[in-house]
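Protein sequence lines correspond, in order, to chains R and W.
Going by the UniProt record's numbering, the first sequence wraps up at 110, each residue one higher than the last.
Going by the UniProt record's numbering, the second sequence wraps up at 892, each residue one higher than the last.
Below is one structure; the comments refer to it alone.
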Amino acid sequence: MKGTYLGEFEEIVLLAAGILHGRAYGVSIRQEIENQTGRNVNIGAVHTALHRLEAKGYLTSKFGEAEEVRGGKRKRLFTLTSSGMNALREAQAIRKQMWAQLPKILLQRS
Amino acid sequence: MKYHPPYFATKILQWFCHAELVEEVEGDLYELFRERVETVGPFRAKLYYWTDVLHSINPRRSEPRKPSPPSLPYRDRLSHFFIIAFRNMLRSKSSSILNLSGLAISLTGFLLIALYLIDEATYDSFHPDADHVYRISYSFKGFDGKEGRDARAAGLWCIKLKESMPGIKAVTRFSRFGYPGNVRTSDPNHVFVEQQFFWVDPNFTDIFSLPLITGGDVKTILSDPKHVIINETIAHKYFGADDPVGQPIIYMRDGMEFQLIVGAVMKRAPSNTHFKPDFIASSVALDPLWKRNNEDRVNSWMDSFSYSFVTLEPGTDPAKVSQALQEIFNRNLGEFAKVMHPILIPLRDVHFTEGFMFELDAPGDKVHLYIFGSIALLILGMACINYMNLATARSISRSKEVGLRKTLGAGRGMLVMQFLGESLLMTGIALIIAITLLVILLPYFNALTLKDFSLAHLLQTKTVYLLLTAFVTVGTLAGCYPALYLSSFRPMEALKGTFTVGRAPENFRKALVVVQISITLLFITGTYVIHHQLAFIDHTKLSRYKDQIVTVRLGDAVARQKIAGFKQIAQQDPRVKEISTGPHLPRRENFGFMGRAFQFRELDETQRNWDRLDVDFDFPSMFRLEFVAGRNFSVNNPSDTLAIILNETAVKDLGVTAEKALGLQAEGTYYIEVQGIPKPVTMKYNVIGVVKDFNYASVRKAISPIAIGGQWRSAEMMYVMLAGDEFPETLDHLQNVWKQVYPSTPFQYWFMDEEFGRLYQTERQMAKLFNYLGGMAMIIACLGLFGLASFTAEQKTKEIGIRKVMGASTLQILLMLTSRYVRLALIAFFIGIPLAAVAVHSWMEAFVYKAEIGGWYLLWACLLILFVTVFTVGFESLRAARTNPSVSMRHE
């Protein structure tokens with residue numbers, strides 16, 4: 001495993017998968033990210049991130065129903081695991097902690 | 001739905017995306033595509049689809065998520081594997097048999113040699129703490145400044161060492177006093193000569209292991225100096241089926257009788273120990289003798305009487321112990337401490353040390369061990385080569401199977417496992433055959449190597465590990481190339497039958513055959529040269545009549561006095577041709593020391609350390625010594641007891657001509673030990689003759705300068721030359737005369753060629769082993785050639801048919817088929833001849849006197865191999881060449 005470090009994009013994908021609880025799969029996650037951040041995200045990148053996160057144990061997956069709209073292919077539905085949740089919390093905590101230490105002068109400037 | 005994603009892009013995705021991911025990815029892409037058709041139009045949707053596909057097939061992104069579940073239950077796949085493997089073996093019976101027999105033969109050879117090597121490498125390791133035990137030996141300077149080495153040590157050294165130095169766990173000593181001893185039971189008519197009678201310190205078991213059969217504690221038994229411990233064999237020899245414990249054993253020496261009682265029976269010593277006691281008695285029992293002679297040889301400062309051993313505490317530096325011993329020398333040995341230095345030899349290395357006098361066994365030779373080890377590996381390698389050869393050669397017949405398996409979804413890894421498994425299976429069967437063969441051959445092997453291996457050796461953990469290692473290594477080594485090669489077939493070609501065997505495996509096979517033939521060449525030349533050298537040794541001067549000369553051991557000094565009487569009575573029988581006495585010849589290192597100091601004051605003041613042979617007047621004529629100058633000893637000249645005859649090397653050492661050497665006077669000095677202090681005694685001798693050099697010791701050593709003296713009283717052996725061929729009767733006669741003259745000394749004799757057999761034991765063993773191993777290599781190489789030739793013939797059936805139809809004769813086809821192997825053999829000679837020449841040369845280095853071998857033997861070996869190659873290949877080719885073309889062409 002490549003360690004438990006959570007990259008920025010991975011964090012976003014993980015959050016999106018959490019938001020779309022029960023409905024999270026490649027296309028919907030990409031859409032969610034696009035909606036939330038306005039970034040144009042490549043679907044291949046999303047897939048890679050999803051599989052990597054699953055390998056790290058932050059996501060689990062199962063096949064959903066086959067749909068006509070998908071050309072008769074099943075979708076893989078991802079669910080956030082508790083360790084995924086922990087990783088998110090930790091990432092947030094680190095941010096908070098570091099934010100709190102930024103000098104006031106920087107904060108006032110903008 | 002009007003628009004579809006680009007067909008080709010989807011295909012690419014299906015081909016290159018990981019099988020497990022393809023469904024979801026395809027679905028996602030499809031969904032996105034539809035969405036994009038709505039939002040950005042079909043053209044750009046297709047464009048995006050393409051880029052997404054290209055992103056998704058990036059191999060790094062397509063790593064599998066989980067291992068795929070096995071397609072068939074494991075058990076089914078396993079049984080399927082065995083079925084297929086056995087079917088394949090049965091389908092190609094001939095190549096399976098060739099493979100099996102090759103592997104089995106080589107594994108047998110390998111295992112036998114491995115047993116031998118393990119035994120040699122574990123010498124003396126069964127004693128507890130063996131890694132921390134050292135033998136105390138020492139080096140000294142002779143009168144001429146040359147260094148000598150004695151395996152033994154004076155008794156007080158190690159005792160003092162233990163007292164004066166921390167870090168010494170235990171010390172113990174033992175001696176072979178009186179070697180060889182005359183031993184009997186209460187019946188005075190049953191006297192045996194025993195060579196393995198050891199006198200030990202009662203704390204013997206502090207260092208050495210001594211398992212008793214009869215139970216009891218060795219220390220308590222040995223604390224009574226009346227006790228002797230004997231081994232099973234001796235118990236049987238002396239007392240038959242009776243209970244040996246409590247029976248009397250009498251040791252006779254110097255007119256004294258030591259009355260002992262059997263205290264216990266010990267196990268026979270294993271073959272891998274450098275001393276194998278038959279009797280063990282407490283050295284305290286010798287005290288009466290010391291009292292009588294007023295000298296204690298066990299506890300002395302100068303008398304190197306016992307073999308001394310020390311166990312060091314872990315962490316004690318042996319170099320420090322040597323220093324401490326040197327200190328002890330300095331304090332207690334006076335003048336001698338300057339020229340005497342202690343040498344510590346680790347117990348496990350004792351077997352391999354050379355150059356020490358009074359060693360307890362013939363030293364092992366590590367070089368020979370390496371030679372044997374590499375031979376075993378070479379033979380094993382040859383069998384692996386056979387397997388590789390035949391397996392790749394048969395690849396065509398299996399290409400369809402590979403194709404089919406791949407079509408049905410078998411991965412390369414699975415195929416590799418299958419073929420490796422097959423070679424492991426083959427090796428396994430061969431191993432079982434090899435073990436069976438081993439059990440059958442073990443007695444003969446024991447007779448050859450003088451070891452006593454049994455089935456129990458095979459079941460030791462060490463050997464079992466070895467078996468497993470051999471199994472896995474050979475299986476993998478033999479199987480890896482075929483496995484990699486066979487599994488690389490492309491299914492399409494293999495199934496269509498357009499598949500052709502490429503040049504690479506063909507060349508690989510050729511290379512393997514070349515290697516095999518080179519190795520065989522090496523073995524054959526090796527065998528030849530060893531035999532040649534042995535024949536040369538057999539013809540060295542001393543041993544020309546070796547099979548007619550009986551050596552009789554003259555026990556103690558008493559026996560020597562009556563030798564004239566014995567001669568007179570014995571020689572009344574015409575079958576007894578000549579009788580002479582002399583030192584124990586041929587000389588082996590462990591017989592001890594013949595060196596004496598000589599000084600020729602008429603020439604210079606140098607002290608010369610020459611070997612001195614004390615013989616009687618008949619010795620030179622009996623051994624047919626050739627005189628270069630001067631005369632033999634003569635009974636008419638009573639002063640000849642103080643005459644000496646030199647050999648040519650001695651004269652050369654003096655730097656004069658043989659004629660000039662005559663009449664020179666030599667002063668010989670020797671030391672008589674009186675109460676532990678050596679006193680020099682000087683004698684004057686006249687040189688009366690010079691003889692040609694003769695080999696009185698191993699031809700491994702250069703002949704040293706010798707002086708033959710007429711002092712028959714110190715002779716060790718009697719030599720009797722027999723005439724005619726009624727040897728058993730003549731021996732009976734000798735024995736009867738012996739009984740009359742020496743009623744209390746056993747008649748111990750052997751023919752001189754037996755002694756030579758012992759002297760050249762390693763060479764003889766080596767020659768015999770080489771015979772067998774060379775034969776083995778030859779058989780394996782032939783098997784390989786035979787298999788390949790028959791395969792080639794089968795491959796070329798059609799070609800042969802066409803050639804015959806076009807008018808080729810049987811002979812031409814035979815030539816065509818055999819010439820390629822002849823060419824390979826020639827290449828092999830090109831590689832093998834230099835190798836063989838170098839190997840032979842380095843082996844011969846060990847001998848000072850070498851047989852002339854020239855270079856012709858290489859030619860003969862090559863011709864032999866060529867002949868066997870042509871014969872093996874030709875036999876199989878002839879069959880192919882003589883087939884009726886209509887039969888061979890009917891394939892179509």
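For every residue, glycine included, the Cβ atom is placed at its ideal position computed from N, Cα and C.
If you're wondering where the values come from, they're calculated on a predicted model, not measured in any experiment.
Self-check item: Bounding residues of the beta strand (DSSP E) (the contiguous stretch that carries D614/W)
Solution: Within the second sequence, residue 614/W is the residue found at index 614, counting from 1. For D614/W, the enclosing beta strand (DSSP E) begins and ends at 607-614.
Exercise. Output the residue ranges of the beta strand (DSSP E) runs that lie fully inside the stretch 347-419 of chain W and measure 3 residues or longer, sorted by chain position.
Key: Listed in chain order, the beta strand (DSSP E) runs fully inside the stretch 347-419 of chain W amount to none, counting runs of at least 3 residues.
Practice problem: For V69/R, go through chain W and note every residue whose CB falls closer than 7 Å to its CB, in chain order. | Solution: Indexing the first sequence from 1 puts residue 69/R at position 69. Chain W residues near V69/R: E31, R34.
Practice problem: Taking the CB atoms as reference points, tell me whether S888/W and I800/W lie closer together than 8 Å. | Solution: Counting from 1 along the second sequence, the entry for residue 888/W is found at position 888. Counting from 1 along the second sequence, the entry for residue 800/W is found at position 800. The answer is yes: Cβ separation under 8 Å.
Practice problem: Find the nearest neighbour of A16/R within the set F63/R, T79/R, I105/R, I94/R, judged by alpha-carbon distance. | Solution: Position 16 of the first sequence, counting from 1, holds the residue named residue 16/R. Distances from the alpha-carbon of A16/R to those of F63/R, T79/R, I105/R, I94/R put T79/R closest.
Practice problem: Thinking A87/R and R74/R are a contact (beta carbons under 8 Å), I'd like their distance in whole angstroms, please. | Solution: Sequence index remark: in the first sequence, residue 87/R carries index 87 (1-based). Sequence index remark: in the first sequence, residue 74/R carries index 74 (1-based). Beta-carbon to beta-carbon, A87/R and R74/R are separated by about 27 Å, too far to satisfy the 8 Å threshold.
Quiz item: How is the beta strand (DSSP E) around M69/R delimited, first residue to last?
Solution: Mapped onto the first sequence, residue 69/R falls at position 69. According to the sequence provided, residue 69/R is Val. The question's Met does not apply to it. Taken as a continuous stretch (DSSP letters only), V69/R belongs to no beta strand (DSSP E), as it is neither H nor E.
Self-check item: Chain-ordered chain R contacts of D52/W [CB-CB under 8 Å]
Solution: On the second sequence, residue 52/W is found 52 positions in, with the first residue counted as 1. When 8 Å is used as the limit between beta carbons, D52/W is near these residues of chain R: N42, I43, G44, in chain order.
Quiz item: At least one CB of chain R closer than 8 Å to the CB of G27/W: is that the case?
Solution: Working through the second sequence from its first residue, we reach residue 27/W at position 27. At least one CB atom of chain R sits nearer than 8 Å to the CB of G27/W.
Exercise. Going by CA-CA distance only, name the one from H18/W, D187/W, D76/W, L90/W that's closest to S56/W.
Key: If you number the second sequence from 1, residue 56/W lands on position 56. Selected option, being the one with the closest Cα: H18/W.
Quiz item: From L815/W to N99/W, what does the alpha carbon distance come to, in whole angstroms?
Solution: Numbered from 1 along the second sequence, position 815 holds the residue referred to as residue 815/W. Numbered from 1 along the second sequence, position 99 holds the residue referred to as residue 99/W. Straight across, the Cα-Cα distance linking L815/W with N99/W is about 27 Å.
Quiz prompt | Start-to-end residues for the alpha helix (DSSP H) that takes in N182/W | solution = Taking the first residue of the second sequence as 1, we reach residue 182/W at position 182. For N182/W, there is no enclosing alpha helix (DSSP H); the enclosing beta strand (DSSP E) has its first and last residue at 181-184.
Self-check item: Neighbour flag for K73/R against chain W, beta carbons, 8 Å
Solution: By one-based count along the first sequence, residue 73/R stands at place 73. So yes, K73/R belongs to the interface.
Quiz item: Counting only runs that start and end within the stretch 147-187 of chain W, where is the beta strand (DSSP E) found for 3 or more residues in a row?
Solution: The beta strand (DSSP E) runs lying completely inside the stretch 147-187 of chain W and spanning 3 residues or more are 147-150, 168-175, 181-184, given in chain order.
Quiz item: Beta carbon of V193/W, beta carbon of P705/W: below 8 Å?
Solution: Within the second sequence, the letter at position 193 stands for residue 193/W. Within the second sequence, the letter at position 705 stands for residue 705/W. Cβ distance not < 8 Å, so V193/W and P705/W don't count as in contact.
Quiz item: Is G26/R close to chain W, meaning its C-beta is less than 8 Å from at least one C-beta of that chain?
Solution: Counted from its first residue, the first sequence places residue 26/R at position 26. At least one chain W Cβ lies under 8 Å of G26/R.
Quiz prompt | C-alpha gap between I280/W and Y307/W, whole angstroms | solution = The count along the second sequence starts at 1 and reaches residue 280/W at position 280. The count along the second sequence starts at 1 and reaches residue 307/W at position 307. A direct Cα-to-Cα measurement between I280/W and Y307/W gives close to 14 Å.
Quiz item: Can you find a C-beta in chain R that's less than 8 Å from the C-beta of E24/W?
Solution: Here the question's residue 24/W lines up with position 24 in the second sequence. At a cut-off of 8 Å between C-beta atoms, E24/W counts as an interface residue with respect to chain R.
Quiz prompt | Beta carbon proximity, R76/R to chain W, threshold 8 Å | solution = Here residue 76/R is taken as the residue at index 76 of the first sequence, counted from 1. Residue contact check for R76/R against chain W: a CB pair falls below 8 Å.
Practice problem: Could you tell me whether any Cβ in chain R is nearer than 8 Å to the Cβ of H55/W? | Solution: Here residue 55/W is taken as the residue at index 55 of the second sequence, counted from 1. Residue contact with chain R for H55/W: present (Cβ-Cβ distance below 8 Å to some residue of chain R).
Quiz item: What does a CB cutoff of less than 6 Å around D361/W pick up in its chain, not counting 5 residues either side in sequence?
Solution: As a working mapping, residue 361/W is identified with position 361 in the second sequence. Around D361/W: H274.
Quiz item: Q36/R: which of H47/R, Y25/R, I19/R, Y5/R sits nearest, CA to CA?
Solution: Taking the first sequence and counting its residues from 1, one reaches residue 36/R at position 36. Ranked by Cα distance from Q36/R, the options H47/R, Y25/R, I19/R, Y5/R are led by I19/R.
Quiz item: Roughly how many angstroms lie between the CA atoms of L613/W and M717/W, to the nearest whole one?
Solution: On the second sequence, residue 613/W is found 613 positions in, with the first residue counted as 1. On the second sequence, residue 717/W is found 717 positions in, with the first residue counted as 1. Spanning the alpha carbons of L613/W and M717/W requires a straight line of approximately 12 Å.
Quiz item: So L212/W packs on A285/W, CB below 8 Å; how close in whole Å?
Solution: Taking the second sequence and counting its residues from 1, one reaches residue 212/W at position 212. Taking the second sequence and counting its residues from 1, one reaches residue 285/W at position 285. Their Cβ separation, rounded to whole angstroms, is 19 Å, which puts L212/W and A285/W out of contact at 8 Å.
Quiz item: Taking DSSP as the reference, what is the three-state secondary structure of V41/R?
Solution: Residue numbering aside, residue 41/R sits at position 41 when the first sequence is read from its first letter. Coil.
Exercise. Return the CA-CA distance between A837/W and M266/W, expressed in angstroms with no decimal places.
Key: Translated into the one-based positions of the second sequence, residue 837/W becomes position 837. Translated into the one-based positions of the second sequence, residue 266/W becomes position 266. Rounded to the nearest angstrom, the two C-alpha atoms are 50 Å apart.
Quiz item: With a cut-off of 8 Å, does the C-beta of K2/R fall near any C-beta of chain W?
Solution: Residue mapping note: residue 2/R aligns to position 2 of the first sequence, counting from 1. Here K2/R scores only 43 on pLDDT, less than 50, and its place in the model is too uncertain to base an answer on.
Quiz item: When you compare only the Cα positions, how much space is there between I234/W and Q196/W?
Solution: As a first step, residue 234/W must be located in the second sequence, where it is residue number 234. As a first step, residue 196/W must be located in the second sequence, where it is residue number 196. Whole-angstrom Cα-Cα distance: 11 Å.
Quiz item: What are the start and end residues of the beta strand (DSSP E) that includes L312/W?
Solution: Residue numbering aside, residue 312/W sits at position 312 when the second sequence is read from its first letter. For L312/W, the enclosing beta strand (DSSP E) starts and ends at 304-312.
Quiz item: Quick one: what does DSSP say A715/W is sitting in, helix, strand or coil?
Solution: On the second sequence, residue 715/W is found 715 positions in, with the first residue counted as 1. Annotated three-state conformation of A715/W is coil, per DSSP.
Quiz item: If you compare alpha carbons, which of I688/W, F847/W, Q548/W, T883/W is closest to D753/W?
Solution: Counting from one through the second sequence, the residue named residue 753/W turns up at place 753. Nearest of I688/W, F847/W, Q548/W, T883/W to D753/W, Cα basis: Q548/W.
Practice problem: Spell out whether any CB of chain W is found under 8 Å from the CB atom of H47/R. | Solution: Against the first sequence, residue 47/R aligns to sequence position 47. At a cut-off of 8 Å between C-beta atoms, H47/R counts as an interface residue with respect to chain W.
Quiz item: In chain order, what residues of the same chain lie with their CB nearer than 8 Å to the CB of L333/W, ignoring the 5 residues before and after it?
Solution: Counted from its first residue, the second sequence places residue 333/W at position 333. Within the same chain, Cβ atoms closer than 8 Å to the Cβ of L333/W are found at W301, M302, M340, the five residues on either side in sequence being excluded.
Quiz item: Which partner residues of Q259/W appear in the DSSP bridge assignment?
Solution: Translated into positions along the second sequence, residue 259/W becomes position 259. In the DSSP assignment, Q259/W is bridged to I250/W.
Exercise. Could you have a look at residue 901/W and say whether DSSP puts it in helix, strand or coil?
Key: Lying before the first or after the last residue shown, residue 901/W is absent from chain W, which here runs from 1 to 892.
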